Amino acid sequence: MRLTALFTIPRVLRHSDAIGADLPPDDAVVLDAPDSTLRAALAAATAGDHGPAAELLAGTRRHAQWERRDTCVSRLARASLHHPGWLDSWLEESPQDPDAVLVKADQYVNQAWQIRTGARAKHVEADQFRAFHAVLRDAVPVISAAAELNPDDPVPWRIALTQARGIQAPREVFDTYLAEANARDPHHEGCHVQALQYLCAKWYGSHEEMFAFAERAAGQAPPGSRLHALPLQAVVEYLIADEETPDPDPYTPRAEAAVTRAQALSDSYAPGDREAAGFRNHLALVLWSMSRYEEALTAFRGIGVHATTFPWTYFGDPREEFLEARSDTRVELAMRIPFFRASPTAPATGAPDWERELAPRSLAIASTGPTEVAQAALICGHSLRTAPAGSAHTYVEIVPDPVRGKRAALLPEDPLTSAADNFTTAEDWPALVLHRTPERSSFTLMHRGRKVADHTWETAAPATDHAEATATAGALARVYGLTDPRPLAHLLRATGDPARHQGELVAALGLPPLPEGYGGEQEILAGLPGAQVLARRGFLAGMRDTMTTKDGVHPETPPPDEPHPARWWLLRTAALLLFTAAAVYAWWTPDIGWFRSTVTSAVPLYVAGKLIRALRRRPVSSSPPPEAS
Numbered sequence: 003m004r005l006t007a008l009f010t011i012p013r014v015l016r017h018s019d020a021i022g023a024d025l026p027p028d029d030a031v032v033l034d035a036p037d038s039t040l041r042a043a044l045a046a047a048t049a050g051d052h053g054p055a056a057e058l059l060a061g062t063r064r065h066a067q068w069e070r071r072d073t074c075v076s077r078l079a080r081a082s083l084h085h086p087g088w089l090d091s092w093l094e095e096s097p098q099d100p101d102a103v104l105v106k107a108d109q110y111v112n113q114a115w116q117i118r119t120g121a122r123a124k125h126v127e128a129d130q131f132r133a134f135h136a137v138l139r140d141a142v143p144v145i146s147a148a149a150e151l152n153p154d155d156p157v158p159w160r161i162a163l164t165q166a167r168g169i170q171a172p173r174e175v176f177d178t179y180l181a182e183a184n185a186r187d188p189h190h191e192g193c194h195v196q197a198l199q200y201l202c203a204k205w206y207g208s209h210e211e212m213f214a215f216a217e218r219a220a221g222q223a224p225p226g227s228r229l230h231a232l233p234l235q236a237v238v239e240y241l242i243a244d245e246e247t248p249d250p251d252p253y254t255p256r257a258e259a260a261v262t263r264a265q266a267l268s269d270s271y272a273p274g275d276r277e278a279a280g281f282r283n284h285l286a287l288v289l290w291s292m293s294r295y296e297e298a299l300t301a302f303r304g305i306g307v308h309a310t311t312f313p314w315t316y317f318g319d320p321r322e323e324f325l326e327a328r329s330d331t332r333v334e335l336a337m338r339i340p341f342f343r344a345s346p347t348a349p350a351t352g353a354p355d356w357e358r359e360l361a362p363r364s365l366a367i368a369s370t371g372p373t374e375v376a377q378a379a380l381i382c383g384h385s386l387r388t389a390p391a392g393s394a395h396t397y398v399e400i401v402p403d404p405v406r407g408k409r410a411a412l413l414p415e416d417p418l419t420s421a422a423d424n425f426t427t428a429e430d431w432p433a434l435v436l437h438r439t440p441e442r443s444s445f446t447l448m449h450r451g452r453k454v455a456d457h458t459w460e461t462a463a464p465a466t467d468h469a470e471a472t473a474t475a476g477a478l479a480r481v482y483g484l485t486d487p488r489p490l491a492h493l494l495r496a497t498g499d500p501a502r503h504q505g506e507l508v509a510a511l512g513l514p515p516l517p518e519g520y521g522g523e524q525e526i527l528a529g530l531p532g533a534q535v536l537a538r539r540g541f542l543a544g545m546r547d548t549m550t551t552k553d554g555v556h557p558e559t560p561p562p563d564e565p566h567p568a569r570w571w572l573l574r575t576a577a578l579l580l581f582t583a584a585a586v587y588a589w590w591t592p593d594i595g596w597f598r599s600t601v602t603s604a605v606p607l608y609v610a611g612k613l614i615r616a617l618r619r620r621p622v623s624s625s626p627p628p629e630a631s
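Numbered by our numbering, the letters in the sequence shown go through residues 3 to 631 in order.
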């Protein structure tokens, strides 16, 4: 580690919580989150019912909502790869339905790319290429049928452009398809994105041709069109090109212009708008890669919970890459703020949607009594609320602290998982930590201070790999003493309704049912009989209470600090000024050695710490603790 990086660690610890404090937590971020109507159609389709999907696409066709139609067709086609029965029955029932045929055409193309994968051509096996081209050739009559059944629809031509790129169609074929798409909708984003892919250097064009096409399309687009961000996608393709760039880079001015245009477009959309998520994710990536972290943080604020597969999938798992870039942005900004400067405050934009509806609801079920949990959690660094769950289990939730402790800043982002990691250490009983959002439900099993298993269900995600589900089910069965893990594996591979599958797994493990209200409000245990609050302790105070609390007794809440009189503040402020001057003099004068200078410096630091602690003291919970029973 470089010495300069070592000196910035205190800055990160002090400021990183405040920077981006208005960003949604990691668990609230969902990849390619559909709106409520599309979510319902996807859930019904995975359950075998094509009715909601048919109704949704028929509405987009009647009202010529081509952009929304493109999004819905793409998501339904991807879902049909893993759950094909509903599409097969739809086509059997209505073989000439233009919506069903369109989804089938896109299914062919998605299937072909699933075979090929997104790897560069040199990393794709010959057998994969043969299967890839065979599926794309089979798609031709279906794409043609979709175009004929709905002649005004540009979406079949977006699919045709993707197919043409895959089969290495000559330029005149590409030009014909693009002209057909433009004749139906000259500003259709999906068609232009596929055309840009064809024209980029990694396929059949060049950087110059790609930038020229994107800039021309943006220049002709009407106000508010997402095509104004098309040059930004060209910038991303240029950044990921595996080649040496000259110095100075001739495309830097065009990249700067693309960023400026995309920022202006982003300002015209509301924060968290799902429609703007695609180009805002590209904007955040480009600004982050340019080390323009203040602007990148603004872009991440605009994104909210709506991460997208592209462009993050170019670098690995898209959701993980998104979260890593967002976290890195916060750290980089924290490193640049002097330690004693006040932490920045988030812009006052009102409560965002994710805070009201999409923030994860978290709950842990510990396989022991509330007193044992409270005694084990004295040094976990968080305030907790516990409530009895039957005779042998305990519900646990986080009580938000207005000011997060320094130890909590060093722990993983999710506070309940961090707390469970701590309070299960050296204990024989496990804790199942549950999270739920409208799009996804998950669990993490903690036992003896380590993660034993975890799993996530998402609305439109494919079924989990059989081997992975079997391994997770086996780990759950061993911890909870179940003899047959197969029912657990079946639940882990279930799809379509994440909340229901999570509840069914809890029941299958023999745990108490999820309390009423879980998934709704953030704190739900306060109204349960026997609920108690375990207030957050400092490390030393936690160690002291661990050694002094009697077995079978719930630790008492620490008494609140009494307000200090004015004389206390005056004396310590004067001492801070006096000893700070002495420390400066000690380091300035060469006759005073380093040891005495260091000791002299420790005194004002201690006094400053006392003052800061007094300033930061607040009540430990968002609601008053219940009276002791």
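Ideal Cβ placement from N, Cα and C applies to all residues, glycine included. The model shown is predicted, which means the values in this text are computed figures rather than measured ones.
In angstroms, rounded to a whole number, what distance separates the CA positions of residue i and residue j?
i, j, result
"Ala2", "Ala55", "Residue 2 lies beyond the range of the chain shown here (3 to 631); nothing can be said about it."
"Pro414", "Val401", "Reliability fails at Pro414, whose pLDDT of 49 lies under 50, so the model's placement of it is uncertain and the value that follows must be treated cautiously. If I take the Cα positions, the gap works out to 17 Å."
"Ile161", "Leu267", "27 Å"
"Ala1", "Val157", "As shown, the chain starts at 3 and ends at 631. That puts residue 1 outside it, with no answer to give."
"Glu334", "Ala298", "11 Å"
"Ala123", "Glu323", "23 Å"
"Leu578", "Ala568", "15 Å"
"Arg294", "Val288", "9 Å"
"Ser393", "Val454", "25 Å"
"Cys382", "Asp108", "50 Å"
"Asp34", "Gly318", "16 Å"
"Asp99", "Gly61", "13 Å"
"Pro372", "Arg80", "45 Å"
"Asp28", "Leu93", "40 Å"
"Ile526", "Pro417", "16 Å"
"Ser91", "His52", "8 Å"
"Ala584", "Gly22", "37 Å"
"Asp37", "Pro273", "16 Å"
"Ala604", "Phe597", "11 Å"
Does the Cβ of residue i have 16 or more other Cβ atoms within 10 Å, making it buried, or fewer, making it exposed?
i, result
"Gln534", "buried"
"Gln222", "exposed"
"Gln116", "exposed"
"Phe176", "buried"
"Trp356", "Legend: pLDDT at Trp356 = 48, less than 50; position of this residue unreliable, value from coordinates given subsequently. Buried."
"Pro172", "exposed"
"His284", "buried"
"Tyr240", "buried"
"Val32", "buried"
"Thr485", "exposed"
"Pro143", "exposed"
"Pro340", "exposed"
"Gly207", "buried"
"Ala181", "exposed"
Spatial neighbours of residue i within its chain, please: CB distance less than 7 Å, with the 5 preceding and 5 following residues excluded, ordered by chain position.
i, result
"Gln113", "Leu83, Val137"
"Lys612", "Arg574"
"Arg502", "none"
"Gly476", "Pro487"
"Val481", "Pro432, Leu447, His449, Val454"
"Ser96", "Ala102"
"Leu151", "Gln98, Pro100, Val103"
Suppose the cutoff is 6 Å on Cβ atoms and the five residues either side in sequence are ignored; what does the same chain contact list for residue i look like?
i, result
"Tyr271", "Ala278"
"Phe134", "Ala114, Ile117, Arg118"
"Gly192", "Asp72, Arg160"
"Pro514", "Ala391, Gly392, His395"
"Leu507", "Leu493"
Please check the pair residue i and residue j, which I expect to be a contact at CB under 8 Å, by giving their CB distance rounded to whole angstroms.
i, j, result
"Ser18", "Arg332", "5 Å"
"His194", "Leu229", "6 Å"
"Val398", "Leu380", "Actually they do not touch by this definition, with Cβ atoms about 14 Å apart."
"Ala610", "His566", "The Cβ separation is near 15 Å, so there is no contact."
"Gln524", "Arg363", "7 Å"
"Leu490", "Ala510", "6 Å"
"Thr427", "Ala465", "The Cβ separation is near 34 Å, so there is no contact."
Please confirm whether any heavy atom of the ligand ATP lies closer than 7 Å to the CB of residue i.
i, result
"Pro172", "Within the structure as shown, the ligand ATP is missing, as the structure has no ligands at all."
Leaving out the 5 sequence neighbours to the left and right, which residues in its chain are closer than 8 Å to residue i when beta-carbon positions are compared?
i, result
"Trp290", "Ala298, Ala327, Asp330, Thr331"
Suppose only complete runs of 4+ residues qualify. What are the alpha helix (DSSP H) ranges in the region 428-458, listed by chain order?
none
Going residue by residue through the region 68-123, where are the continuous alpha helix (DSSP H) segments of at least 4 residues, counting only ones entirely within it?
68-84, 87-95, 100-118
Within the region 459-499, ranges of the beta strand (DSSP E) (whole runs, at least 3 residues)
none
Where are the alpha helix (DSSP H) runs, 4 residues long or more, that stay fully inside the region 194-250, in chain order?
209-222, 232-241
Going residue by residue through the region 171-196, where are the continuous alpha helix (DSSP H) segments of at least 4 residues, counting only ones entirely within it?
173-186
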